[in-house]
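Here the structure is laid out as structure tokens; the discussion comes afterwards.
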Amino acid sequence: GNECRWWHGTGRSCNVGDNPADPSLCTQTGCLMCSILRTSFQTPKVNTSGRNFHSFGKGICVYSKSSKAYDYPYNGGPPSQYSVILLVNVIAGQGLKYTLAGPGFTSPPPGYHSVLTDWPLQLAVYNDDAIRPSWLVVYQ
């Protein structure tokens, strides 16, 4: 296979990751970060945050550079001096190289498992089993 590591940013409704002595996950249904850490990625939850990121339909988007993944985390919970992103393992399968997706894009055509763009280098996968969180990265 073609497994690689990419970056994923998402929101959190708690302060998971802020205190290294307390690694517990919250139970808030709206906390996307804890949901991913608890049960991995779920395509039905893509684009349910109320934020307008619909370039790849129900694809789970990851980025080759952490700096691009930094654009997506938000903290909807208690104030925090930290942000968090995930380093994930992804299997792209047969990727379709695409120059520009848009709101009407829902999934890759038959025979393809993922969509890859040039700039920013971005990958969208459409199968929950193709992606797993590896590391929670905390930064200021």
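The sequence shown begins at 4 in this note's numbering and counts up by one.
Yeah, the Cβ is synthetic: ideal placement off N, Cα and C, and Gly gets one too.
Please read all numbers here as calculations on a predicted model, not as lab measurements.
Considering residue i, what are the terminal residues of the alpha helix (DSSP H) in which it resides?
| i | result |
| --- | --- |
| cysteine 37 | 35 to 42 |
| serine 70 | 69 to 72 |
By how many angstroms is the C-alpha of residue j removed from the C-alpha of residue i?
| i | j | result |
| --- | --- | --- |
| tyrosine 75 | alanine 24 | 26 Å |
| valine 49 | leucine 28 | 20 Å |
| tyrosine 101 | threonine 42 | 30 Å |
| alanine 95 | cysteine 34 | 26 Å |
| glycine 62 | valine 118 | 8 Å |
| proline 112 | serine 58 | 15 Å |
| proline 136 | histidine 11 | 9 Å |
| valine 128 | leucine 89 | 16 Å |
| asparagine 5 | lysine 71 | 22 Å |
| glutamine 84 | serine 38 | 21 Å |
| glutamine 143 | leucine 40 | 20 Å |
| proline 26 | tyrosine 73 | 21 Å |
| leucine 126 | threonine 120 | 7 Å |
Relative to the alpha-carbon of residue i, which residue among the options has its alpha-carbon at the smallest distance?
| i | options | result |
| --- | --- | --- |
| alanine 133 | Phe44, Phe59, Pro111 and Leu119 | Phe44 |
| cysteine 1 | Gly98, Tyr77, Ser69 and Leu89 | A query on residue 1 cannot be resolved here, the shown segment of the chain reaching from 4 to 143 and no further. |
| tyrosine 115 | Asn130, Leu99, Thr109 and Ala127 | Leu99 |
| cysteine 7 | Val93, Thr109 and Ser110 | Val93 |
| threonine 32 | Trp9, Gly80 and Leu126 | Gly80 |
| glutamine 97 | Phe108, Asn130 and Trp122 | Asn130 |
| valine 19 | Trp122, Thr120, Pro82 and Leu126 | Pro82 |
Assuming residue i and residue j make a contact with CB atoms under 8 Å, what is their CB distance in whole Å?
| i | j | result |
| --- | --- | --- |
| valine 65 | valine 91 | 6 Å |
| serine 67 | leucine 124 | 4 Å |
| glycine 14 | methionine 36 | 7 Å |
Sort out for me which residues DSSP pairs residue i with in a bridge.
| i | result |
| --- | --- |
| proline 136 | Val91 |
| serine 86 | Tyr142 |
| leucine 124 | Answer is none; leucine 124 lacks a bridge partner. |
| cysteine 7 | Val93 |
| lysine 100 | Leu119 |
| asparagine 78 | Arg15 |
Residue range of the beta strand (DSSP E) that residue i falls in?
| i | result |
| --- | --- |
| threonine 120 | 117 to 120 |
| tyrosine 66 | 63 to 66 |
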